[in-house]
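Report on the structure given below.
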Amino acid sequence: MKLEDQRTTVYKVDPNHPETADLPTLRTEELLLNMGPQHPATHGVLKVIMELEGERLVKSTPVLGYLHRGVEKLAEGGTYHQFIPHTDRLDYVCAMYNNFAYCRAVEKLMDITVPERAEYLRTLVAEVQRIIGHLFWLGTQALDIGAMTVFFYTFRDREILLDWFDELCGARLTTSWYRIGGVERDFNDSLIDKVKRFLDYFPPKIDEYVIFLEKNRVWLARTRGVAVISAEDALSFGLSGPTLRGSGVDYDLRKYEPYSAYPWCEFSVPVGKNGDTYDRYWIRIEEFRESIKIIKQCLEQMQPGPIMADVPSVTLPPKDRVFTNLESMIQQFKLFSQGFDAPAGEIYCGTEAHKGELGFYIVSTGGGNPYRLKIRSPSFIHMGAFDHMSKGYMIADAVTIFGSYDIVMGECDR
Amino acid sequence: MHPIAEKIQSRFPEGFISSTEWRGDLAISVKREALHDVCAYIRRDPEMDCDYMVHVSSVDWPDEAERFEVVYEVYSIRKRHRIRIKTRVPEDDCRVDSMVDLWMGADFMEREVFDMMGIRFNHHPDLRRILMPDDYTEGYPLRKDFPVQGKGWRDTFDFLNDPN
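First to last, the protein sequences are chains A and B. 417 is the number that our numbering gives the last residue of the first sequence; the numbers go up by one with no jumps. 620 is the number that our numbering gives the last residue of the second sequence; the numbers go up by one with no jumps.
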């Protein structure tokens, strides 16, 4: 049924009918309810048109695009290096992972091998970002469901890591620390100390969140058996990340197509079996522990070395040389104004961000700009399954469901 | 040639156009008429088994006779291979068959392609704009002839068009 037709079916009570003339009637029509675009629990500007039968959702139609900024169009007008800060604004909660996914895609296009130390640094920071993302998710999801306390605890710990980012690259959220061919700067001793201290500090805190939630009857009642999706349906919808793994599919690009330093680290991929919101929550809690393992191994295995690939025609010169050395300055200037000459061709490169598979499909016809850049954003694709997953649940569960995708509208609308 | 491309070629000799392998990505070009059959084959055949929809995308090549390219990228969780199926459509008849009956996720992804590039999908259950407003009449933003700064009402703003 078309949306316009649906609107006309609402409130069709004939006031002249003898039965409805003076009685307060019990109407049984379906009710159309707009949730959003300004709603505290929609994680941004998202509107969902809900068709309700009593309190049950019959059909829900997400209305997207309130945060559409035409990032894919902007990419066509700039050079490959210039696009890195735009990727920060996709999923603004976890900018590092977007930088990472984009840089990997361009490296695949240019066929660049990143030095080993840079790979370890990248993996370490990506896992820190995964912890931040899951902390943010856990806090807001619990808040949406009604458990406010967890929010303060997770945001307290998230703040430690954001300060650490601040020290690393000068920004808490819009980081732009990854570069094509490597990373912008190396860790100093204070950063390494702080990560080590965090690794000791954090594991007991995970247990703390778990105590808050897993003994909470409200939390259990509102997550167990809510928004169940089968593995086949989840795959068919293209779900990825914890949302897919909750349904029992172990699809994780870190294992399926190992990249960066992941093949050199030992970790496991938690997989749920019921496909409900609780399993997706459980997976994220377990991923905290796996991320800590990966960070520890990166710190142990990391050896001194270069942090940028030595391909002067593509990679940026070190910043200190730009200010002191004429050739480096010319190189920097040329790379930013004209870009590097990419070969003609097309690649797709997917990266396992904390929400799911974040992919970049780049078509190049040579020259310094991408001819077409398509962002495969997990939030957008997860929203496609929203109607399917919310059918038959209560209105209050709608918040739980799109919360359980870990949706960020900046990435969804691009 | 890649064994997957060979299989598709032998099964669809009419519809198959070419296959390329670059940077480890396999891309297969097929004719528009064969697109749905090829996709149904790679979805249902146990040797292909591409059950995971990765993305649907589109590319505009304004100087070429068949202007638009529709790109489907699918992955097989069990066989662990990734296949990109591409097809070309001309501008005056930019329609392809929808894949919603094969992968449910194609619903939103095809709507995005329609919204951004103006390609229509036959048998799509709900082909409406998704990111742009429903009543947007200024065209399809990702086409190459659409200006980056946008068009429509804002063309009448003097300060935008003033060269000084």
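Using N, Cα and C, we set each Cβ at its ideal position, and we do this for glycine too. Being a predicted model, the structure only gives us computed values, none of them experimental.
Collapsed DSSP secondary structure at residue i in the structure displayed
{"i": "PRO603 (chain B)", "result": "coil"}
{"i": "HIS458 (chain B)", "result": "coil"}
{"i": "ARG10 (chain A)", "result": "At ARG10 (chain A) the pLDDT is 40, less than 50, meaning the model places this residue with poor confidence; the figure from the coordinates comes in the next sentence. In the structure shown, ARG10 (chain A) sits in a helix (DSSP, three-state: H, G or I)."}
{"i": "ALA264 (chain A)", "result": "coil"}
{"i": "LYS15 (chain A)", "result": "At LYS15 (chain A) the pLDDT is 47, less than 50, meaning the model places this residue with poor confidence and gives no usable figure here."}
{"i": "PHE577 (chain B)", "result": "strand"}
{"i": "PHE468 (chain B)", "result": "coil"}
{"i": "LYS419 (chain A)", "result": "The displayed coordinates of chain A run from 4 to 417. Any statement about residue 419 (chain A) would go beyond what the structure contains."}
{"i": "MET4 (chain A)", "result": "Low local confidence applies: a pLDDT of 47 at MET4 (chain A) is under 50, so the model's placement there is unreliable, and no value is given."}
{"i": "LYS276 (chain A)", "result": "coil"}
{"i": "GLY308 (chain A)", "result": "coil"}
{"i": "GLY81 (chain A)", "result": "coil"}
{"i": "ASP474 (chain B)", "result": "Note that residue 474 (chain B) is Ser in the sequence shown here, rather than Asp. Three-state result, SER474 (chain B): strand."}
{"i": "VAL325 (chain A)", "result": "helix"}
{"i": "ILE410 (chain A)", "result": "coil"}
{"i": "THR178 (chain A)", "result": "coil"}
{"i": "ARG540 (chain B)", "result": "strand"}
Terminal residues of the beta strand (DSSP E) in which residue i lies
{"i": "ARG523 (chain B)", "result": "No beta strand (DSSP E) holds ARG523 (chain B); DSSP gives it neither H nor E."}
{"i": "SER63 (chain A)", "result": "59-66"}
{"i": "ASP481 (chain B)", "result": "481-486"}
{"i": "TRP222 (chain A)", "result": "No beta strand (DSSP E) holds TRP222 (chain A); the alpha helix (DSSP H) holding it covers 220-226."}
{"i": "ILE533 (chain B)", "result": "Segment: none, ILE533 (chain B) is in no beta strand (DSSP E) and carries neither H nor E."}
{"i": "TYR508 (chain B)", "result": "508-516"}
{"i": "ASN37 (chain A)", "result": "34-38"}
Contact belief for residue i with residue j at Cβ below 8 Å, rounded distance in angstroms
{"i": "GLU290 (chain A)", "j": "ARG125 (chain A)", "result": "GLU290 (chain A) to ARG125 (chain A), Cβ: 18 Å. No contact."}
{"i": "LYS258 (chain A)", "j": "VAL274 (chain A)", "result": "At roughly 11 Å, the Cβ-Cβ gap does not stay under 8 Å, so LYS258 (chain A) and VAL274 (chain A) are not in contact."}
{"i": "CYS352 (chain A)", "j": "ARG107 (chain A)", "result": "5 Å"}
{"i": "TYR531 (chain B)", "j": "TYR497 (chain B)", "result": "Not a contact, Cβ separation roughly 16 Å."}
{"i": "HIS71 (chain A)", "j": "LEU587 (chain B)", "result": "4 Å"}
{"i": "GLU360 (chain A)", "j": "LEU256 (chain A)", "result": "6 Å"}
{"i": "ILE163 (chain A)", "j": "VAL213 (chain A)", "result": "About 19 Å separates the two Cβ atoms, so there is no contact after all."}
Proximal residues of chain B, C-beta to C-beta of residue i below 7 Å
{"i": "VAL252 (chain A)", "result": "ILE533"}
{"i": "GLY184 (chain A)", "result": "Within 7 Å Cβ-Cβ: nothing; GLY184 (chain A) doesn't reach chain B, min ~16 Å."}
{"i": "LYS111 (chain A)", "result": "ARG479"}
{"i": "PRO75 (chain A)", "result": "The amino acid at residue 75 (chain A) is misidentified as Pro; the sequence shows Glu. Ordered by position in chain B, the residues that pass the 7 Å Cβ test against GLU75 (chain A) are LEU598."}
Neighbouring residues, chain B, relative to residue i (Cβ below 8 Å)
{"i": "VAL366 (chain A)", "result": "VAL515"}
{"i": "GLY395 (chain A)", "result": "In chain order: nothing, as chain B lies at least about 17 Å away."}
{"i": "GLY348 (chain A)", "result": "TRP478 and ARG479"}
Chain-ordered chain A contacts of residue i [CB-CB under 7 Å]
{"i": "LEU587 (chain B)", "result": "LEU67, GLY68, HIS71 and ASP416"}
{"i": "ARG500 (chain B)", "result": "Near ARG500 (chain B) there are no residues of chain A at all, since even the closest Cβ is about 12 Å away, more than 7 Å."}
{"i": "PRO546 (chain B)", "result": "Going along chain A, no residue has its Cβ under 7 Å from PRO546 (chain B), so there is no contact; the nearest lies around 18 Å."}
{"i": "ARG536 (chain B)", "result": "TYR259"}
{"i": "GLU470 (chain B)", "result": "Ordered by position in chain A, no residue passes the 7 Å Cβ test against GLU470 (chain B), which lies about 25 Å from the chain."}
Where the alpha helix (DSSP H) containing residue i begins and where it ends
{"i": "LYS50 (chain A)", "result": "It is not in any alpha helix (DSSP H) - LYS50 (chain A) instead sits in the beta strand (DSSP E) that spans 50-56."}
{"i": "ILE404 (chain A)", "result": "398-407"}
{"i": "TYR364 (chain A)", "result": "Where TYR364 (chain A) is concerned, there is no enclosing alpha helix (DSSP H), although the beta strand (DSSP E) it sits in stretches over 360-368."}
{"i": "THR354 (chain A)", "result": "Segment 347-355 is the beta strand (DSSP E) holding THR354 (chain A); no alpha helix (DSSP H) there."}
{"i": "ASP390 (chain A)", "result": "389-393"}
{"i": "ASP553 (chain B)", "result": "First-last for ASP553 (chain B): 551-553, but that is the beta strand (DSSP E), not the alpha helix (DSSP H)."}
{"i": "HIS492 (chain B)", "result": "491-500"}
{"i": "SER250 (chain A)", "result": "No alpha helix (DSSP H) holds SER250 (chain A); DSSP gives it neither H nor E."}
{"i": "VAL198 (chain A)", "result": "192-217"}
{"i": "ASN101 (chain A)", "result": "98-113"}
{"i": "ALA234 (chain A)", "result": "234-240"}
{"i": "GLY47 (chain A)", "result": "Unbroken run through GLY47 (chain A): none, as it is neither H nor E."}
{"i": "ASP1 (chain A)", "result": "Because chain A here runs from 4 to 417, residue 1 (chain A) falls outside it and cannot be looked at."}
{"i": "LEU2 (chain A)", "result": "The structure shown does not extend to residue 2 (chain A), since chain A spans only 4 to 417, so no value can be given for it."}
{"i": "ASP91 (chain A)", "result": "87-91"}
beta-carbon residue i near the ligand FMN non-hydrogen atom, thresh 7 Å
{"i": "ALA121 (chain A)", "result": "With respect to small molecules bound, the structure shown includes none, and the ligand FMN cannot be examined in it."}
Chain-ordered neighbours of residue i on chain A, where CB pairs are closer than 9 Å
{"i": "GLY561 (chain B)", "result": "LEU238, SER239, PHE240, GLY241, LEU242, ILE384, GLY387 and ALA388"}
{"i": "ASP507 (chain B)", "result": "GLU235, LEU238 and SER239"}
{"i": "VAL604 (chain B)", "result": "GLY73, LYS76, LEU77, GLU79 and GLY80"}
{"i": "PHE570 (chain B)", "result": "Those within 9 Å of PHE570 (chain B) in chain A number zero; the least Cβ separation is about 13 Å."}
{"i": "ARG540 (chain B)", "result": "GLU349, TYR351 and TYR364"}
Under 8 Å by beta carbon: chain A residues contacting residue i
{"i": "VAL510 (chain B)", "result": "GLY241, TYR351, GLY353, GLU360, GLY362 and ARG379"}
Chain B contact residues for residue i, given Cβ-Cβ distances below 9 Å
{"i": "ASP114 (chain A)", "result": "ARG479"}
Closer than 8 Å at the beta carbon, the chain E residues around residue i
{"i": "PHE564 (chain B)", "result": "Chain labels in this structure do not include chain E; the protein chains are A and B."}
Given a limit of 8 Å on CB to CB distance, which residues of the segment 367-382 of chain A reach chain B?
-> So the close ones are TYR374, ARG375, LYS377 and ARG379.
Residues of the segment 473-491 of chain B whose Cβ lies closer than 9 Å to any Cβ of chain A, in chain order | From the segment 473-491 of chain B, only THR476, TRP478, ARG479, GLY480, ASP481 and ALA483 have a Cβ closer than 9 Å to chain A.
Could you name the residues of the segment 130-159 of chain A whose beta carbon sits closer than 9 Å to any beta carbon of chain B, in the order they occur along the chain?
-> So nothing in the stretch comes that close.
Positions along the segment 253-277 of chain A whose CB lies within less than 9 Å of some CB in chain B = If the cut-off is 9 Å between Cβ atoms, the segment 253-277 of chain A has ASP253, TYR254, TYR259 and GLU260 near chain B.
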